[in-house]
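Colleague: Have a look at this one before I ask anything.
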Amino acid sequence: MACMPGMAGQAITRSTQTKESIMPDEIMSYPKNVFTNDGQSDVDGFAPKLGAVAAQIKAAGKITVYYGFHGDDNGRLLVVFSADELEKSRDMAAGFPDATLVQVNGPNDPKIDYAKHNKDGQALFTWCDSDTYIKANKLLPDIIP
């Protein structure tokens with residue numbers, strides 16, 4: 463619940479229930495070391511989600527990490543990262559020496575090789591609700607139903 467100033471010094475509340483409060487907000491793990499983001503957060507909020515699966519990602523070995531934009535509730539492009547968000551993302555990735563970072567500007571960016579990852583896995587799709595987008599568009603049908 464969020465608080466808003468009300469009449470005569472009173473506070474009234476309004477519901478701010480969003481997808482992140484009623485659905486999982488975590489990094490999902492799939493076969494062949496494929497990871498997706500199921501939920502919404504800013505870059506700072508992504509760090510604890512990443513921490514929860516850090517051991518799995520490190521154990522995956524060589525992995526491609528797609529980053530660079532915020533997704534909407536359906537995983538579509540909402541806005542590209544600011545310079546500060548890009549820097550924070552690169553700083554976070556420093557803890558994963560086997561990760562290859564690929565900066566992208568949306569889920570349709572041609573730098574994202576869905577066909578390769580559908581065959582070989584080894585990818586982390588970091589943008590918000592990438593899980594929803596990949597499922598809805600059947601981009602990794604052999605890995606994510």
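If you read the sequence shown in the working numbering, its first letter stands for residue 463, the second for the next number, and so on.
Don't be surprised by glycine CBs; every beta carbon is placed ideally from N, CA and C.
Keep in mind the model is a prediction, meaning the values are calculated, not measured.
Per DSSP, residue 565 is paired with what?
Modeller: Paired residue(s): 529.
Colleague: Please report the Cβ distance between residue 554 and residue 512, rounded to the nearest whole angstrom; I am assuming they are in contact, meaning their Cβ atoms lie under 8 Å.
Modeller: Contact holds; Cβ gap of about 6 Å.
Colleague: Give me the Cα-Cα distance between residue 607 and residue 600, rounded to the nearest whole angstrom.
Modeller: So the two alpha carbons sit approximately 8 Å from each other.
Colleague: Should the stretch 565-572 be regarded as contacting the stretch 501-519, the criterion being three or more beta carbon pairs within less than 8 Å?
Modeller: Segments in contact, no.
Colleague: Suppose you measure from the CA of residue 500 to the CA of residue 589; what does that come to, to the nearest Å?
Modeller: Roughly 9 Å between the two C-alpha positions.
Colleague: Grab the span of the alpha helix (DSSP H) containing residue 605 for me, first residue to last.
Modeller: Here residue 605 belongs to no alpha helix (DSSP H), and DSSP marks it neither H nor E.
Colleague: Starting from residue 491, trace the beta strand (DSSP E) in both directions and tell me its first and last residue.
Modeller: Residue 491 -> beta strand (DSSP E) spans 488-492.
Colleague: What is the DSSP secondary structure of residue 588, counted as helix, strand or coil?
Modeller: Looking at residue 588 - three-state DSSP - the assignment turns out to be coil, as it is neither helix nor strand.
Colleague: If you measure between the beta carbons of residue 551 and residue 529, is that distance less than 7 Å?
Modeller: Yes, the Cβ-Cβ distance between residue 551 and residue 529 is below 7 Å.
Colleague: Which residues bound the beta strand (DSSP E) around residue 499?
Modeller: Taken as a continuous stretch (DSSP letters only), the beta strand (DSSP E) holding residue 499 covers 496-500.
Colleague: Starting from residue 503, trace the alpha helix (DSSP H) both ways and give me its first and last residue.
Modeller: From DSSP, residue 503 is part of no alpha helix (DSSP H); its letter is neither H nor E.
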